[in-house]
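**Q** Add 123 to a position in the sequence shown, counting from 1, and you land on the number used in the numbering used here.
Think of the CB as a built atom: it goes at the ideal place given N, C-alpha and C, for glycine as much as any other residue.
Mind looking over this structure? Questions follow.
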Amino acid sequence: MPRGTLKAYLDYAPREEGFRAVALAGLARARKAIPCRFLYDQAGSELFEQICELPEYYVTRAETAILTAHAGEIAARIGSQARLIEFGSGASHKVRLLLNALDRPRSYVPIDISGETLHQAASSIASDFPALEVIAVCADYMNPGRLPALALRPGGRRVGFFPGSTIGNLTPDEAVEFLRGCRALLGQAGGMIVGADLKKDEGLLNAAYNDAAGVTARFTLNLLERMNRELDADFDRTRFAHEAFYNADAGRMEIYISSLMNQIVTVSGRRFMFANGERLHVEYSYKFSVEEFQALARRAGFRPVQCWTGSGLFGVYYLAVA
Ligand code: AVJ
C-alpha cells in the first residue's frame, strides 16, 4: 500500500433524485417542512462556514476550544491504535485535533454524502498522516445501520466521532435511533465522541441564530434559491423571512422560513399557497444539559464516561458501548 495516499474510496451514495421528491412532499404538508440536510448545497455550505465565524455563533469556537484544550485526555480515553470513524466528516478539520493527539491511530474512516469535499478532505488527511490508513466512504451517515459493514468493521477498536452538535438536528428519538446504529457498527469494545450544544441563556441562543450581519438569514433563505435553481421554482426571497427562536418547553431552537404575505409559488410545475405568516420548517437545533444528553446516550446503549464543557457553552462527550 502506498503511504500517504487514500487506501480506498467507497461510493455508497444514494443515486439521488431526492431533493425534488422530498421538497414537493414537504411543501404539500399541512405544516410545510423540508429536512435541514437540504440547506447544505454549495452555496449553503459556504454560508455555513461564514456562520461559524460570526461573533454571535459560539458553537464552533466553543467545541474547537474544548477539543484543543482536552485533546490529550480525549486521546487517552480513545486509547492507542484506534480506528476512528467520523459521521459527516465535511472538510475533516476538527478530527485533526484528535489525530495529532492520538497514539498510533490505525485508520480514519470519514463518511460524508458530499463526494467531492470528502475526497479532497480524505486525501489531505492521508498525505498529512502518512502512517494512517484512510478509507473514505461516500454515504448517508444518518443510517449507520445500513452502512457497508465490511469497510467499517476492520479489526481493532472502533471509535465514532460526531462533532458539531449535528446530533441536535435530530429529535431525541431520532438521536437515540442514530446512536443505536452507531453502536451496532462500533461493536463491543467501541466508543463514541459526540459534540452536543448545552442549554444556556435564551438571549445568547436567540442571538446565535439571528446574527446582526444577517448571514444566518441568508443561509436559511438560500433554500428558496436552491429550489429556484434546481426545481424550477419561482420563490421571491424578499417575500419571505428567516425566523429563529428558542422553544424552552421543547429545549430546541426552531428555524423557519415565514411568508410575509398571501402568495402562490410554483415548484416543478406544482402550485403551493402560502398564507401571510405561514411557516416552512427547516431546522431544529436541540440543546441538552449534561444530564439530559447522558440519559439519551444510555437509552441508545452507551455508558457515558466523561464530559468536557470548557467555558460551559458546549459539551463534548465520551461514550463507551455499554
Ligand atoms: C450545524 C446543525 C450544528 O444547529 O447550530 C447554524 C446549523 N443553523 N445556524 C446548528 C445552524 C443555523 C448548526 N448545526
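(1) Across which residues does DSSP place Glu300 in a beta bridge pair?
(2) Pick helix, strand or coil for Ile236, following the three-state DSSP scheme.
(3) Closest by CA to Glu414, which one among Arg352, Arg349, Lys322?
(4) Return the residue from the list Gly435, Arg306, Trp431, Phe171 that minimises the CA-CA distance to Ala194.
(5) Just to confirm my understanding: we take Leu220, look at its own chain, exclude 5 residues before and 5 after, and list those with CB closer than 7 angstroms. What are they?
(6) Please work out which residues of its chain come closer than 8 angstroms, Cβ to Cβ, to Arg360, disregarding the five sequence neighbours upstream and downstream, and give them in chain order.
(7) Any chance the CB of Thr339 is under 8 angstroms from a heavy atom of ligand 1?
(8) Within the continuous beta strand (DSSP E) that includes Gln165, where are the two ends?
(9) To the nearest whole angstrom, what separates the beta carbons of Leu162 and Phe342, a pair I think is in contact under 8 angstroms?
(10) Determine the closest residue to Ile378 out of Asn385, Ala356, Ala244, Tyr409, with distance taken between C-alpha atoms.
(11) For Met124, does the three-state DSSP call read helix, strand or coil?
(12) Can you list, in chain order, the residues of its chain whose CB lies under 7 angstroms from that of Asp164, leaving out five sequence neighbours each side?
(13) Would a C-beta distance cut-off of 9 angstroms place Val428 and Tyr441 closer than the cut-off?
(14) What number of angstroms, rounded off, separates the C-alpha of Leu222 from the C-alpha of Leu328?
(15) Between the alpha carbons of Leu207 and Ser434, how many angstroms are there, rounded?
(16) Taking the straight line between their C-alpha atoms, what separation do you get for Leu383 and Lys155?
(17) Output needed for Ala443: all residues of its chain with C-beta closer than 7 angstroms, excluding positions within five of it in sequence on either side, in chain order.
(18) Taking 8 angstroms as the cut-off, is the beta-carbon of Ile157 closer than that to any non-hydrogen atom of ligand 1?
(19) Using the three-state DSSP reduction, which class does Asn292 fall into: helix, strand or coil?
(20) Looking at ligand 1, does it come within less than 8 angstroms of Phe411, judged from the CB to the closest heavy atom?
(21) Would you call the stretch 283 to 296 in contact with the stretch 237 to 251, where contact means no fewer than 3 C-beta pairs closer than 8 angstroms?
(22) What would DSSP say about Ala373, mapped onto helix, strand or coil?
(23) Going by the beta-carbon positions, is the gap between Tyr264 and Ala245 smaller than 9 angstroms?
(24) Using a threshold of 8 angstroms, is the CB atom of Ser288 nearer than that to any non-hydrogen atom of ligand 2?
(25) Ligand 1 heavy atoms versus the CB of Ile316: any closer than 8 angstroms?
(26) Which residues bound the alpha helix (DSSP H) around Glu196?
(27) For His404, which residues of its own chain have a beta-carbon under 8 angstroms away from its beta-carbon, when the five flanking residues on both sides are left out?
(28) Looking only at its chain, what residues have a beta carbon closer than 8 angstroms to the beta carbon of Ser412, apart from the 5 residues adjacent to it on each side?
(29) Is the separation between the beta-carbon of Gly238 and that of Asp134 shorter than 9 angstroms?
(30) Using DSSP's beta-bridge definition, name the partner residues of Arg394.
**A** Looking at the atomic coordinates:
(1) For Glu300, which the question treats as bridged, DSSP gives no partner whatsoever.
(2) coil
(3) Per the Cα distances, Lys322.
(4) Trp431
(5) Leu190, Thr191, Ala194
(6) Leu344, Leu347, Glu348
(7) yes
(8) Element bounds for Gln165: not the beta strand (DSSP E) but the alpha helix (DSSP H), 165 to 174.
(9) Contact holds; Cβ gap of about 7 angstroms.
(10) Tyr409
(11) Model confidence at Met124 stands at a pLDDT of 46, short of 50, so the residue's coordinates are unreliable; what they give is reported in the following sentence. Three-state DSSP puts Met124 in coil, outside helix and strand.
(12) Cβ within range, chain order: Arg349.
(13) Yes. Within cutoff.
(14) 31 angstroms
(15) 27 angstroms
(16) 15 angstroms
(17) Gly314, Phe425, Arg426, Val428
(18) no
(19) helix
(20) Because no heavy atom of ligand 1 lies under 8 angstroms away, the Cβ of Phe411 does not count as near it: no.
(21) no
(22) coil
(23) no
(24) The model on display carries ligand 1 but not ligand 2.
(25) Checking every heavy atom of ligand 1 against the Cβ of Ile316, none is found closer than 8 angstroms.
(26) 194 to 201
(27) Arg154, Lys155, Ala156, Ile157, Glu377, Ile378, Tyr379
(28) Leu321, Lys322
(29) yes
(30) Thr389
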